[in-house]
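Residues 30 to 120 in my numbering are what the sequence shown lists, from first letter to last.
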Amino acid sequence: MMQKLTKKDHEQVFTYLKEEAALNLFIIGDIEAFEYDTDFQELWGVFKENGTLQSILLRFHDAFIPSTLSYIPLCTTTPRTSNANSLITSH
Numbered sequence: 030m031m032q033k034l035t036k037k038d039h040e041q042v043f044t045y046l047k048e049e050a051a052l053n054l055f056i057i058g059d060i061e062a063f064e065y066d067t068d069f070q071e072l073w074g075v076f077k078e079n080g081t082l083q084s085i086l087l088r089f090h091d092a093f094i095p096s097t098l099s100y101i102p103l104c105t106t107t108p109r110t111s112n113a114n115s116l117i118t119s120h
């Protein structure tokens, strides 16, 4: 389940991000500088059924930055071939 992250999620968010702190430095820095609720920044989290945070997506202005450990499913089907063009599909 994907939901918008808030201050109440902070401890779980930082525990997750610090698993790969060097690679998630931009997201960590933005949370520390701007927190969770601004016009130009939003944080979204994908949670497993057991409530564990699985991935984070940061919207910073018009850019979207996934956490390094992210698993955000973009489609529900598997490409039929290994041809790169088959990966670009509209669902």
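Even glycine gets a Cβ: it sits at the ideal position worked out from N, Cα and C. All values reported here derive from a predicted model rather than from experimental measurement.
What do you get for residue i, buried or exposed, if any count of 16 or more other CB atoms within 10 angstroms of its CB means buried?
i          : result
residue 87 : buried
residue 58 : exposed
residue 80 : exposed
For residue i, does the three-state DSSP call read helix, strand or coil?
i          : result
residue 51 : coil
residue 33 : strand
residue 63 : helix
residue 58 : helix
residue 80 : coil
If you follow the alpha helix (DSSP H) that residue i is part of, which residue opens it and which one closes it?
i          : result
residue 43 : 39-46
Considering residue i, what are the terminal residues of the beta strand (DSSP E) in which it resides?
i          : result
residue 96 : No beta strand (DSSP E) holds residue 96; DSSP gives it neither H nor E.
residue 69 : Counting along the chain, residue 69 falls outside any beta strand (DSSP E), and DSSP gives it neither H nor E.
Could you compute how far the alpha carbon of residue i sits from the alpha carbon of residue j?
i          : j          : result
residue 51 : residue 92 : 20 Å
residue 53 : residue 46 : 6 Å
residue 83 : residue 34 : 13 Å
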